[in-house]
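Residues 24 to 543 (my numbering) make up the sequence shown, in order. The beta-carbon is built from N, C-alpha and C at its ideal position, and this holds for glycine as well.
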Amino acid sequence: MMGNNVILVSILVGIIGIITGVIMMVIAGRLGISRANTIAKNVIEESNIKADGIIRQATLDGKQQVYEMKLQAEKEIKEAKASLQSTENKLARREDTLNLRDETLIAKEKQIDEKDRLATSKLTNLEKMEVDLQSRIDNQIVVLERIANMSASEAKAELMDAVEKKSVKDIALFLRDQEEEAKAKAADQARNIIALAIQRYAQEETIDRTVSVVALPSEDMKGRIIGREGRNIHAIEQLTGVDLIIDDTPDIITVSCFDPIRREIARLSLEALIRDGRIQPGRIEEVVEKVTNEMDETIMKIGDEAVFKLGIGKIDREIIKLIGRLRYRYSYGQNVLQHSIEVATFAGIMAAELGLNQTLAKRAGLLHDIGKALDFEQEGTHIELGARIAKKYKEHPLVINAIESHHGEVPAAGIIPQLVEAADTLSAARPGARFESMEAYIKRLEQLEKIANEFDGVERSYAIQAGREIRIMVKPEKVDDISMVKIAQDIREKIENEMTYPGQIKVTLIRETRVNELAK
């Protein structure tokens with residue numbers, strides 16, 4: 024390649040020289056042939072000399088470049104050979120590795136084939152043994168059925184029954200042991216356990232008496248109460264804030280008002296006007312004012328008597344007035360003041376038995392429904408109003424908590440609030456405390472006895488104490504002392520799940536064994 028470049032350079036130099044000579048000859052033709060020839064010869068000679076120099080230089084440069092290119096090519100060839108050799112070595116090593124792995128895989132395949140053969144052989148043997156074992160089991164079952172004189176299903180049922188009885192007995196023993204252990208550990212927590220044992224949440228269901236009736240001596244009196252153009256009845260309704268219903272029933276005036284105090288004032292005012300006989304707007308206003316003042320005195324007197332009867336010490340006069348107002352408030356047919364006094368009495372008795380502050384328990388019981396004295400006048404539940412009143416007059420924190428927690432809306436902060444809650448349930452749920460139809464009452468007793476009689480081993484049952492207790496007689500030959508614990512717990516759970524009842528129901532199981540012998 025370098026030689027070709029030199030030849031090309033030489034040709035180019037020759038061409039340049041010829042062109043230069045031609046040019047000079049043209050010039051010589053103009054300047055003179057002789058001179059031109061001389062100049063042309065000189066130019067040609069110089070061109071040849073220069074061309075020779077260029078050719079030699081180009082030849083030298085070409086040889087130098089050829090030499091350098093040869094060295095570079097040899098170097099690259101050497102590096103390529105080294106790289107090729109390294110690649111060949113790696114391929115050789117990889118080939119050796121692949122050969123080794125191939126040999127290993129072949130060996131493992133042989134091992135797997137051998138193991139598969141052994142496993143197939145063992146599986147075949149196992150199947151044969153299983154068939155043989157099943158045959159032996161069937162033979163044994165036939166022999167056992169012949170010996171025991173019962174089928175396999177009957178034997179299984181008997182075994183399951185025995186296991187079930189043993190399990191029930193073990194569970195009953197465990198429960199009895201747990202109860203005994205709990206009783207042994209209860210000494211330090213006796214107060215809490217007693218309080219919680221008598222506590223049961225009760226849902227509040229209230230219906231207020233909103234009407235009163237006034238008997239009339241005659242139909243003529245009804246017209247006098249109405250007055251000319253109804254002015255008398257309008258005056259009574261306006262002054263007392265009640266509605267008078269006259270035309271519905273003969274010889275009776277119905278006084279209707281949600282506020283029991285206003286309703287009572289209207290009733291007493293009407294009775295006073297009927298006795299007096301003078302019925303006109305001016306006289307009506309005098310009587311209503313007089314009865315209102317007397318009512319305030321009566322309310323304070325009733326509140327003082329309740330506080331004195333319970334012996335709970337000094338109490339704010341405004342709270343005493345509210346206590347007296349409870350005399351005219353009814354909840355589910357039960358007088359709220361009487362109910363509050365009962366709750367205070369029950370709470371005091373339980374507090375005395377537990378060694379707690381009896382006076383504080385009575386105070387909390389009396390005030391637990393104090394909000395009902397205002398719930399028909401102000402917004403809010405009787406619990407919210409009662410707590411607000413107790414806080415306003417700085418009652419004891421346990422009294423406030425008893426008011427807030429006696430329906431379970433907030434947690435009880437101590438034993439006394441729990442006692443008040445339990446006493447509230449007892450007072451509301453005792454027989455005769457609240458209205459209940461005879462049909463519903465009998466139905467509840469029948470359902471209670473029916474639940475008890477459904478259990479195996481129960482001979483008969485009796486619902487006593489107005490459905491507050493169920494006494495169950497069990498068959499001694501079917502139920503032992505340990506099983507009685509489990510049966511009692513099952514009956515209790517079924518009563519709780521299937522019945523709706525106030526307060527709590529006591530479940531008592533009785534097992535009696537009698538042995539009679541006759542001496543002759």
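Can you name the start and end residues of the alpha helix (DSSP H) that residue 330 belongs to? 304-333
Contact defined as beta carbons within less than 8 Å: I believe residue 302 pairs with residue 255. What is the distance between those atoms, to the nearest angstrom? 6 Å
For residue 450, which option in 144, 527 and 477 has the closest C-alpha, if you only look at C-alpha atoms? 527
Just to confirm before moving on: does the CB-CB distance between residue 349 and residue 395 stay below 8 Å? yes
Could you work out which residue in 326, 482, 471 and 538 is closest to residue 530 when comparing CA atoms only? 471
Quick check on residue 170: buried or exposed, where buried means 16 or more other Cβ atoms within 10 Å of its Cβ? exposed
Secondary structure at residue 269, three-state DSSP: helix, strand or coil? coil
With three or more C-beta pairs closer than 8 Å as the rule, is the region 373-381 touching the region 292-310? no
What residue from 201, 41 and 393 has the CA that sits closest to residue 342's CA? 393
For the putative contact between residue 482 and residue 498, defined by C-beta atoms under 8 Å, what is the C-beta separation to the nearest angstrom? 5 Å
DSSP state of residue 351 mapped onto helix, strand, coil: helix
My understanding is that residue 447 touches residue 419, with C-beta atoms under 8 Å, so please give their C-beta distance in whole angstroms. Residue 447 to residue 419, Cβ: 18 Å. No contact.
Straight-line CA distance for residue 235 to residue 354? 15 Å
Continuous alpha helix (DSSP H) assignments of at least 4 residues falling wholly in the region 472-532: 504-521
Threshold first: 4 residues or longer. Then list the alpha helix (DSSP H) segments lying entirely within the region 368-437, N to C. 381-390, 405-415 and 420-428
Among 385, 121, 247 and 338, nearest to residue 300 - alpha-carbon criterion: 247
In this structure, does DSSP put residue 154 in helix, strand or coil? helix
Euclidean distance between Cα positions of residue 474 and residue 369: 31 Å
Meets three-Cβ-pair contact criterion under 8 Å: the region 94-108 and the region 62-81: no
Closest by C-alpha distance to residue 330, when choosing among 166, 318 and 361: 361
Delimiting residues of the beta strand (DSSP E) encompassing residue 536: Unbroken run through residue 536: none, as it is neither H nor E.
Would you list the residues sitting across from residue 357 in a DSSP beta bridge? 354
Pick helix, strand or coil for residue 545, following the three-state DSSP scheme. The requested residue 545 is not part of the displayed model; the chain covers only 24 to 543.
Contacting residues, own chain, Cβ-Cβ under 7 Å from residue 487 (five flanking each side not counted): 494
Would you report the Cα separation of residue 375 and residue 496, rounded to the nearest angstrom? 35 Å
Cα-Cα separation between residue 279 and residue 292, rounded to whole angstroms: 14 Å
Candidates 373, 102 and 276: closest to residue 238 by CA position: 276
Spatially closest choice to residue 386 from 426, 115 and 153, by CA coordinates: 426
Is the Cβ-Cβ distance between residue 436 and residue 444 less than 8 Å? no
From residue 117 to residue 106, what does the alpha carbon distance come to, in whole angstroms? 16 Å
Do residue 510 and residue 480 count as a contact pair if the criterion is CB distance below 8 Å? yes
Give the DSSP-derived three-state secondary structure of residue 85 in the structure shown. helix
Please confirm whether residue 335 and residue 389 have their CB atoms less than 8 Å apart. yes
Determine the DSSP secondary structure at residue 240, reduced to helix, strand or coil. coil
When you compare only the Cα positions, how much space is there between residue 542 and residue 476? 37 Å
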